[in-house]
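Only one structure is covered here, and it is reproduced in the block below.
Number of protein chains: 2
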Amino acid sequence: MSKKETETRTPVSKLGKYNLTERLAARFTVVNDSTLQGYGDDAAVAFFMDPLSVSAQQLALEGVDFDLSYVPLKFIGYKTAIGAMGQVMAMNAVPVQLLVNIGVSQRFFVEDIDAIFEGISALCRRYSVDIAAIDVQSSYTGLSLAVTAIGQAEPGLLTRRSGAQENDLICLSGNVGAAYMGLRVLEREKRVFTGETEKDALPNLNGYEYILERYLKPELPSALLENLRRDDLVPTSMCLLKNGLAHSILSLCKASGKGARLFVNKIPIARQCFEFAGTDPSLSPLVAALNGGDDYEMLFTLPLNQYEKVQKEYNLDTIGHICDVSSGCKLITPDGQELTVESPGM
Amino acid sequence: MSKKETETRTPVSKLGKYNLTERLAARFTVVNDSTLQGYGDDAAVAFFMDPLSVSAQQLALEGVDFDLSYVPLKFIGYKTAIGAMGQVMAMNAVPVQLLVNIGVSQRFFVEDIDAIFEGISALCRRYSVDIAAIDVQSSYTGLSLAVTAIGQAEPGLLTRRSGAQENDLICLSGNVGAAYMGLRVLEREKRVFTGETEKDALPNLNGYEYILERYLKPELPSALLENLRRDDLVPTSMCLLKNGLAHSILSLCKASGKGARLFVNKIPIARQCFEFAGTDPSLSPLVAALNGGDDYEMLFTLPLNQYEKVQKEYNLDTIGHICDVSSGCKLITPDGQELTVESPGM
């Protein structure tokens, strides 16, 4: 860090914990009528019209879940919150409140914490959720973030992983593998920056904006889910794509006691994934799609009789169908080969 | 760690993340009918009869919030969960579900994580709450825990910090300062153990069991709160005692726009606090009560006309009363002196 940068940085101790949380809270205004009590009391309170309270917590730790040498602070809080909200949305629930706890070591300044909350604030506006708790505490080393998302759902619309039925269509809310490829771009640029690669490999993010954004600033398919609810299309099962398509389809099949057939040439993969993979023979767009992770899209199943509607009105990617458990979970290649879907730790 | 200890320890990598969380989840059975979806899906789902969803998140980081050299692992998860649940109870809500995320570095083994969840499991039985999510992830250094408590409340019973009225009685659910004194006992024993104190000072926890337990394994006043609800006694305001009595009364007065008078000789302090303070002239039971923290009791206010009932049926400690904001927040000594209540960072 240069001297100039240090000069414009305020130690947390100068402001004090109370003033710091007040300052952070001032960024946010309550947007949901259902938020009865936001920041400023012991706990958050929501008045839900729907009787189901749906919640998920995400913990993000520096050095494991993110690397601050190439991920700007404003994306850290944003992405952690996206993870928590995405899990709530995967139950077909609508996130309403976020609780944010953050642990910072002495190398973080007030301006750093501001940057983290700038990202969370953008997310709150984008998805109409309220920050209902903020706590900043000391950390011995590094940055830790815990975000909980609380939402509400109608009982009849709840989607679990366990509801998939034989012959159901397997759908994706968007393309997969892009975030993983974006991460690899950032990792390559870090190696160039730290001199680990040959000296003529210049940093180059040009042409990879889409996959970088998918890694740094993922979006959740909230509009699609809202449209499905409006059209009374309730997925029979649903799962957030966090650890790759392979992990998600295996989770869904296991919970539902079913098998699946996925068609390789139906899996949507963005053009930039192929372009970037073309620069490095160790990269495979299909492997990125299956095992890359960080997609934050939804994997879900719909009854076969919805096929026409899904095609005509939604232009959704249907990548395969659910079958009997004895058939296992298979990937069908364009030339008709059957490969068994695998994911580490499943 | 001795060789023998190492031999009975299983690396997390040997079991794998999936098997580990399944193993941890197997400790718990769902006890609340309202828990529609516990561990095993994207998010936790609760069906609440009362329309208010009340939630609080607690983050605990090794080296700052706890010191594993003198706090056994089984108390770490327990206490973090107590913190989250206590905040929910401070709104006069009933905690129903817990979400637990834990980050562990390579120096932690499966048996360590088991110990953490053993403590959480004891708490779940004690307070009839369900573990509705478990996630274990890698940490670069040390142990990190995030626990969210989700509860429900009736709108008419909700208690905020901001509702205190002039002349209200200020009540405590139990004595204060004991946890801080317990911590000091542990810190002294650690110094003896590491040879920092004179060599004739032998480790001695005898006679301090009560204050040690208040630090290691605090209890929440759930029965008292339930009895108050049953008797239609709704506190006008309430606040969890986490950072000391001074911090809590100042928070409550600030939120309510009021002042307070607290009487020193009415503040309940356990006998062992005085006994331990007698061994070390740097310790003051009153300072421990005011600024010690970790009490996990409730500070709350009730209308003056409930005084007789509170005295006769509840044997509650009433330590003062709310007054006009211009009077400030004062501590009255037995000889009639008025001291201004202060707390760091307020």
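Protein sequences, first through last, are from chains A and B. All the letters of the first sequence, read from the start, carry residue numbers 97 to 442 under my numbering. All the letters of the second sequence, read from the start, carry residue numbers 97 to 442 under my numbering. The C-beta atom is built at its ideal place from N, Cα and C for all residues, glycine as well.
Asked, Found
"By Cβ distance below 6 Å, which residues in the same chain neighbour A/D413 in space, the five residues on each side in sequence not counted?", "L268 and P364"
"Residues of the stretch 132-154 of chain B with a CB closer than 9 Å to any CB of chain A: list them in chain order, please.", "L132, Q133, G136, D137, D138, A139, A140, V141, A142, F143, F144, M145, P147, L148, S149, V150, S151, A152, Q153 and Q154"
"Looking at the secondary structure, which residues open and close the alpha helix (DSSP H) in which A/T237 lies?", "Unbroken run through A/T237: none, as it is neither H nor E."
"DSSP on A/M145, reduced to helix/strand/coil?", "coil"
"What number of angstroms, rounded off, separates the C-alpha of A/I246 from the C-alpha of A/S318?", "15 Å"
"Got a sec: which bits of the stretch 195-218 of chain B sit with their beta carbon under 7 Å from any beta carbon on chain C, in order along the chain?", "Within the model displayed, chain C is absent; protein chains A and B are what it includes."
"Show which residues of chain A have a CB atom less than 8 Å away from the CB atom of B/C220.", "Residues of chain A passing the Cβ test: none, with the nearest at roughly 16 Å."
"Unbroken alpha helix (DSSP H) runs of length 4 or more, entirely within the stretch 137-224 of chain A: which are they?", "169-185 and 206-223"
"Using 8 Å as the cut-off, can you tell me whether the stretch 309-325 of chain A makes contact with the stretch 385-397 of chain A, which would need three or more C-beta pairs spanning the two stretches below that distance?", "yes"
"Show which residues of chain A have a CB atom less than 9 Å away from the CB atom of B/A92.", "With chain B covering only 97 through 442, there is no way to say anything about residue 92 of chain B."
"For A/E434, which three-state DSSP category applies?", "strand"
"Can you give me the start and stop residues for the alpha helix (DSSP H) that B/K426 sits inside?", "Not the alpha helix (DSSP H): B/K426 falls in the beta strand (DSSP E), residues C425 to I428."
"Output, in sequence order along the chain, the residues in the stretch 233-251 of chain A whose CB is closer than 9 Å to any CB in chain B.", "Q233, S234, S235, Y236, T237, G238, S240, L241, A242, V243, T244, A245, I246, G247, Q248, A249 and P251"
"Taking its Cβ as the centre, do 16 or more other Cβ atoms sit within 10 Å of A/P191, making it buried, or is it exposed?", "buried"
"Determine whether the beta carbon atoms of A/N104 and A/V232 lie at a separation below 9 Å.", "At residue 104 of chain A the sequence reads Thr, which differs from the Asn that was named. No, they are not a contact pair."
"Can you list the residues of chain B that A/L358 reaches, using a CB-CB cut of under 8 Å?", "Within chain B, no residue comes near A/L358; the closest Cβ sits about 20 Å away, beyond 8 Å."
"Using C-beta distances below 7 Å, list every residue in its chain close to A/V281, excluding the 5 sequence neighbours before and after it, in chain order.", "L301, Y304, I307, L308 and F372"
"Taking A/R325 as the reference, give the member of A/A186, A/L265 and A/T436 with the closest Cα.", "A/A186"
"With 9 Å as the threshold, decide whether the Cβ of A/G159 is near any Cβ in chain B.", "yes"
"Assuming the contact rule is C-beta atoms closer than 8 Å, B/I227 and B/F144 should be a hit. Round their C-beta distance to whole Å, please.", "The pair is not a contact, with the Cβ atoms about 18 Å apart (cut-off 8 Å)."
"List the residues of chain B whose Cβ lies closer than 7 Å to the Cβ of A/C335, in chain order.", "D138"
"On the CB-based measure, 16 or more other CB atoms within 10 Å of its CB, does A/N401 come out buried or exposed?", "exposed"
"Output the boundary residues of the alpha helix (DSSP H) element that contains A/G278.", "A274 to F289"
"Please classify A/G252 as buried or exposed, where buried requires at least 16 other C-beta atoms within 10 Å of its C-beta.", "exposed"
"Taking all protein chains shown into account, do 16 or more other C-beta atoms lie within 10 angstroms of the C-beta of B/P107, making it buried, or fewer, making it exposed?", "exposed"
"Measure from the alpha carbon of B/D161 to the alpha carbon of each residue in A/A218, A/L219 and A/S235, then state which is nearest.", "A/S235"
"Taking Cβ positions only, does A/Q261 come closer than 9 Å to chain B?", "no"
"For B/R325, decide whether its Cβ has a neighbour in chain A, counting only Cβ atoms nearer than 9 Å.", "no"
"Can you give the Cα-Cα distance for B/A140 and A/S423, rounded to whole angstroms?", "30 Å"
"To which residues of the same chain is A/S98 closer than 7 Å at the C-beta, ignoring the five residues directly before and after it?", "At A/S98, the pLDDT of 47 sits below 50, so the modelled position is not reliable; the number obtained from the coordinates is stated separately. Closer than 7 Å at Cβ, skipping near neighbours: no residue."
"Which residues in the same chain have their Cβ closer than 8 Å to the Cβ of A/S151, if we skip the five residues on either side of it in sequence?", "V184, T244, A245, I246 and G247"
"Classify B/L324 as helix, strand or coil using the three-state DSSP reduction.", "helix"
"Helix, strand or coil for A/V310 per DSSP?", "A small fix is needed here, since residue 310 of chain A is Arg in this sequence, not Val. Note: A/R310 maps to helix in three-state DSSP."
"Could you spell out where the alpha helix (DSSP H) holding A/S347 opens and where it closes?", "L341 to S352"
"So, does the CB of B/F121 fall closer than 9 Å to a CB anywhere in chain A?", "According to the sequence as given, residue 121 of chain B is Ala; it is not Phe. Closer than 9 Å: no."
"How is A/Q133 classed by DSSP in three states: helix, strand or coil?", "strand"
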